[in-house]
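Residue numbers (my numbering): -5 to 154.
Beta carbons are placed, not taken as given, at the ideal position from N, Cα and C, and that holds for glycine.
One structure is given here, and the rest of the page talks about it.
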């Protein structure tokens, strides 16, 4: 499986040694779990809903990343566009098991891409245990500069 530092989207600014990675997705998608796993390589099974935002720093080689996760509740989604202009990459986490909310996730993602259409995009199809390719989520985006990967930190031995 691939690590977040291998995503082509992170090569968007080769001269920059610092990048801001914005992590968004609906409430309950697993953003905090993914963020924790990326930074610690350890799964967490108990995570409280994000009421505002979480930050983390990750250094890989000469690349330093500030990861900013903004909560996905309905009220917080109104603030998402405010963070787009400072981001080098958007990581959008989708709960691929909760089919009832996929349309809402798609609408929110499209609204973000309308604000910043050139922003490199990584879609993490969360909770896809044992999947090597995301299943049933191709309708989420038709943006050419995106990567879509399955992940499941905390739900199995699978890695994002």
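* **Those residues which DSSP pairs with residue 63 across a bridge** => To locate residue 63, count along the chain shown from 1; it is residue 69. DSSP lists 17, 48 as partners of residue 63.
* **Distance, residue 34 Cα to residue 50 Cα** => To locate residue 50, count along the chain shown from 1; it is residue 56. To locate residue 34, count along the chain shown from 1; it is residue 40. Cα-Cα distance, rounded: 10 Å.
* Beta-carbon gap between residue 89 and residue 121 smaller than 8 Å -> To locate residue 89, count along the chain shown from 1; it is residue 95. To locate residue 121, count along the chain shown from 1; it is residue 127. Yes. Within cutoff.
* To do: Let me know if residue 11 comes out buried or exposed under the rule of 16 or more other beta-carbons within 10 Å of its beta-carbon.
  => To locate residue 11, count along the chain shown from 1; it is residue 17. Looking at its Cβ environment, which holds fewer than 16 other Cβ atoms inside 10 Å, residue 11 is exposed.
* **Delimiting residues of the alpha helix (DSSP H) encompassing residue 105** => To locate residue 105, count along the chain shown from 1; it is residue 111. Run containing residue 105: 96 to 109, per the alpha helix (DSSP H) assignment.
* Quick one: is residue 47 buried, meaning 16 or more other Cβ sit within 10 Å of its Cβ, or exposed? -> Position 53 of the chain shown, counting from 1, holds the residue named residue 47. By the neighbour-count rule (16 or more Cβ atoms within 10 Å), residue 47 is not buried but exposed.
* Around the Cβ of residue 99, are there at least 16 other Cβ atoms within 10 angstroms (buried) or fewer (exposed)? -> Against the chain shown, residue 99 aligns to sequence position 105. Classification for residue 99: buried.
* To do: Would you identify the three-state DSSP class for residue 93, choosing helix, strand or coil?
  => Translated into positions along the chain shown, residue 93 becomes position 99. Helix, per DSSP.
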